[in-house]
Each structure stands twice: as structure tokens, then as C-alpha cells.
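Colleague: First, the structure itself, so that you have it in front of you.
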Amino acid sequence: PGMDEPVPPVTVQLMRVVSWYQAHQATLTLTAVNEEPGVPGDDGTPPPAQDWQEYTFTLTDRRVPEMLAGPADGQGIRISKVTFTLSGEGQQYETEGHIYAGKK
1072 PGMDEPVPPV
1082 TVQLMRVVSW
1092 YQAHQATLTL
1102 TAVNEEPGVP
1112 GDDGTPPPAQ
1122 DWQEYTFTLT
1132 DRRVPEMLAG
1142 PADGQGIRIS
1152 KVTFTLSGEG
1162 QQYETEGHIY
1172 AGKK
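Per this note's numbering, the very first residue in the sequence shown carries number 1072; after that it's consecutive.
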């Protein structure tokens, strides 16, 4: 994650985040990010194992992203991109971001 913060385990984090969005009648598209193998150090030792799992999400909604930023504490959630579209049918926002969860 971007900051050094504790994140809930995968099952807890996903349930917490997905439940929050469902309660706000918003549908997320979630994708697990595969962990890339790390590059060994100068002495050939492998890097430490990653202790968190990353997911990307996409959310498309007519409500402004601030209303749908996720659980209030923001723990393990990062918004990376917001796209605004205006058409004859009204406004629409596509929000992309990352969710982090602990593997332990």
C-alpha cells in the first residue's frame, strides 16, 4: 500500500468494502492483481514475501465519487482515477482504484 497502515485480512476487507458499496446500491468490478516475482538482491537472496493482496476496482455511477469513496476510515482503499462524462442523459463518473488486504 501507499502508506504504512494495517489492513484487514482478505475475507474481512472484501466483505467490508463490498458490503459498503452494496448498501449504497453501487456495483464494483473487482479484479485480483497477481503478485509479480520480486527481483533478487545483489547477494542473490529473494525479496521478502508480500504480506498483502492487491485488488483493482472500477465503479460507474451517476453520483459524485466523494459520495462513493468507500468505508469512512478509508483503510486499504485508494482511488487512482476518476473520469467524468457528460451526455444528453446526464453525468456519469467512472472511478478506478485499489483495495489492499492482508494475507495473514
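Note that CB positions come from ideal geometry on N, CA and C, so glycine has one too. Bear in mind the structure is a predicted one, so any value in this text is a computation, not a measurement.
With a 10 Å radius around its C-beta and 16 neighbouring C-beta atoms as the bar for buried, classify GLY1168 as buried or exposed.
Modeller: Label assigned to GLY1168: buried.
Colleague: Locate the beta strand (DSSP E) running through GLN1084, then write down its first and last residues.
Modeller: Note, GLN1084: premise wrong, no beta strand (DSSP E); alpha helix (DSSP H) at 1081 to 1094.
Colleague: Restricting to Cα atoms, I'd like to know which of ALA1097, LYS1174, VAL1088, GLN1093 is closest to LEU1130.
Modeller: The shortest CA-to-CA distance from LEU1130 to any of ALA1097, LYS1174, VAL1088, GLN1093 is the one to ALA1097.
Colleague: Run the CB neighbour count on VAL1110, radius 10 Å, all protein chains shown included, and call it buried at 16 or more, exposed below.
Modeller: exposed
Colleague: Return the CA-CA distance between TRP1123 and THR1156, expressed in angstroms with no decimal places.
Modeller: Rounded to the nearest angstrom, the two C-alpha atoms are 34 Å apart.
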